[in-house]
Ligand code: F6P
């Protein structure tokens with residue numbers, strides 16, 4: 001069912017044109033003293049305040065109608081039953097199974113999930129006990145980099161000290177070179193992380209790392225190189241004997257719970273990694289069982305549709321008020337934009353409405369001194385997502401109060417604005433935001449937060465009728481780069497468009 005052809009969509013359009021477009025947060029709070037309680041909710045490991053969003057009870061009710069008319073619950077249940085909902089690749093979508101406890105559920109793959117998890121965590125503990133290994137270098141890109149990197153940074157306070165973690169993703173040799181200058185072959189563990197084990201960047205970096213290792217007298221590839229992949233055969237061919245596998249039903253951007261999480265498991269240990277999985281599983285259960293009206297991923301996904309398709313907002317800003325969450329915006333960019341940045345429906349028919357917004361952001365308070373000017377007084381409305389953590393992981397007096405006060409103040413200022421008619425100090429206000437509160441930034445809370453975003457992306461994708469689990473849009477550039485790479489050496493511009501030809505000549509000859 002195409003969402004834009006439903007009765008609920010027409011009702012939402014009508015509601016938007018009549019009252020929704022002129023909704024005012026200040027008036028809404030004035031008219032409803034219970035608005036904060038009514039539009040906020042507890043979910044596993046976090047609290048979410050949605051009250052500063054441009055919705056009233058009627059809007060939410062109509063959005064729920066849309067969800068029901070589009071068969072959201074049936075679509076969710078199909079994913080959770082292991083149906084091949086990734087229809088262009090004929091694959092199931094089962095990243096949620098990676099955090100399902102043993103014995104819970106009937107999925108036939110659960111036993112091998114736990115066998116692999118146990119082996120991976122056993123290995124992580126072995127590395128943690130090996131004092132000779134001082135540096136872990138993860139070589140991977142996209143989903144094989146962003147998730148583990150984001151989580152290793154986020155959970156740094158829970159990591160054992162004395163071991164350094166490096167993440168090399170870019171084919172730009174400056175990145176690998178800078179890491180290799182800091183490490184010694186006999187003290188370094190290289191993790192080659194790639195679902196396909198074919199990705200150009202990762203293979204180029206892995207080959208260079210191996211050559212560097214051997215050139216510096218490193219002999220025991222078996223001890224110093226490990227592969228995390230679904231393509232165990234290719235890893236063996238590369239010369240890596242220690243491999244931890246996963247399955248084609250885990251999308252790259254949904255894979256931090258699989259063997260791809262090994263760097264995180266080495267950093268925080270097996271028990272804490274299991275806490276991360278348990279936190280995500282708690283959010284999975286919430287998504288699977290909570291009534292739609294109190295189902296946080298559902299409410300957020302519907303809000304995304306409301307903003308993108310009725311208000312026509314084109315971007316959303318992520319503002320984590322915790323410096324350890326500094327890689328979260330980049331992680332969420334891949335999660336949401338690679339999943340829902342699609343212009344055709346599941347059957348390849350062009351859509352007549354907008355899909356994924358642009359996601360962007362920086363930790364607070366830094367963003368305040370960079371682009372918040374635009375959020376407050378620019379011509380576009382950008383919904384902002386604040387993520388605050390109640391308990392700090394440091395004991396420096398005064399800092400955390402200042403940090404939290406700034407998060408609150410920004411959300412307040414966006415909503416309230418300030419009148420200076422005709423003047424430069426006029427803040428229009430009525431700018432929407434969502435505010436998440438985590439008790440502390442621990443593995444369980446991080447797991448729940450990431451799973452919340454995964455399911456929210458599912459919800460908006462399901463309503464739009466798109467396949468959120470393929471990524472054909474990244475292929476064309478890869479094919480063209482393959483053709484251009486040898487031309488940079490040869491200078492051959494035959495058959496190229498004039499701009500590419502001119503640039504190639506400039507880059508290859510300097511003229
Ligand atoms: O090119 C995009 C992409 O396929 C992502 O979807 C994926 O996370 C990334 O490349 C890395 O792929 P792999 O893990 O197979 O190396």
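Numbering (UniProt numbering), first residue to last: 1 to 511.
The beta carbon of each residue, even a glycine, is placed where N, CA and C say it ideally should be.
Since this is a predicted model, take the numbers as computed values, not measurements.
So what's residue i in DSSP terms, helix, strand or just coil?
i, result
"residue 435", "strand"
"residue 406", "helix"
"residue 361", "strand"
"residue 260", "helix"
"residue 371", "coil"
"residue 4", "helix"
"residue 41", "strand"
"residue 466", "coil"
"residue 229", "strand"
"residue 167", "strand"
"residue 210", "helix"
"residue 350", "strand"
"residue 317", "strand"
"residue 418", "strand"
"residue 294", "helix"
Does ligand 1 have even one heavy atom less than 6 Å from the beta-carbon of residue i?
i, result
"residue 342", "no"
"residue 577", "The first residue shown for the chain is 1 and the last is 511, placing residue 577 beyond what the model contains."
"residue 141", "yes"
"residue 149", "no"
"residue 479", "no"
"residue 317", "no"
"residue 233", "no"
"residue 333", "no"
"residue 471", "yes"
"residue 171", "no"
"residue 250", "no"
"residue 195", "yes"
"residue 202", "yes"
"residue 243", "no"
"residue 230", "no"
"residue 199", "yes"
"residue 137", "no"
"residue 457", "no"
"residue 474", "yes"
Taking only beta-carbon atoms, is residue i less than 7 Å away from chain C?
i, result
"residue 133", "The structure shown contains no chain C; it is built from a single protein chain."
Look at the alpha carbon of residue i and the alpha carbon of residue j, and state the distance between them as a whole number of angstroms.
i, j, result
"residue 225", "residue 91", "30 Å"
"residue 121", "residue 3", "43 Å"
"residue 43", "residue 25", "24 Å"
"residue 244", "residue 149", "18 Å"
"residue 501", "residue 453", "42 Å"
"residue 511", "residue 477", "25 Å"
"residue 135", "residue 165", "6 Å"
"residue 401", "residue 50", "22 Å"
"residue 110", "residue 102", "7 Å"
"residue 170", "residue 191", "15 Å"
"residue 118", "residue 487", "47 Å"
"residue 317", "residue 361", "5 Å"
"residue 95", "residue 274", "15 Å"
"residue 9", "residue 337", "23 Å"
"residue 185", "residue 143", "26 Å"
"residue 456", "residue 505", "46 Å"
"residue 39", "residue 292", "14 Å"
"residue 312", "residue 79", "29 Å"
"residue 124", "residue 443", "16 Å"
"residue 460", "residue 28", "26 Å"
"residue 247", "residue 228", "11 Å"
"residue 77", "residue 284", "12 Å"
"residue 132", "residue 204", "27 Å"
"residue 392", "residue 35", "29 Å"
"residue 16", "residue 430", "16 Å"
Measure the beta-carbon distance from residue i to residue j and round it to whole angstroms, keeping in mind my assumption that it falls under 8 Å.
i, j, result
"residue 386", "residue 448", "Not confirmed; about 17 Å, so no contact."
"residue 46", "residue 458", "That belief does not hold up - the Cβ atoms of residue 46 and residue 458 are roughly 18 Å apart, past 8 Å."
"residue 351", "residue 344", "6 Å"
"residue 346", "residue 252", "With a Cβ gap of about 20 Å, residue 346 and residue 252 do not count as contacting."
"residue 296", "residue 41", "6 Å"
Does residue i pass the burial test, meaning 16 or more other C-beta atoms within 10 Å, or should it be called exposed?
i, result
"residue 381", "buried"
"residue 298", "buried"
"residue 471", "buried"
"residue 151", "buried"
"residue 410", "buried"
"residue 33", "exposed"
"residue 366", "exposed"
"residue 145", "buried"
"residue 236", "exposed"
So is the beta-carbon of residue i under 6 Å away from any non-hydrogen atom of ligand 2?
i, result
"residue 144", "Because ligand 2 does not appear in the structure shown, any question about it cannot be addressed here, the ligands present being ligand 1."
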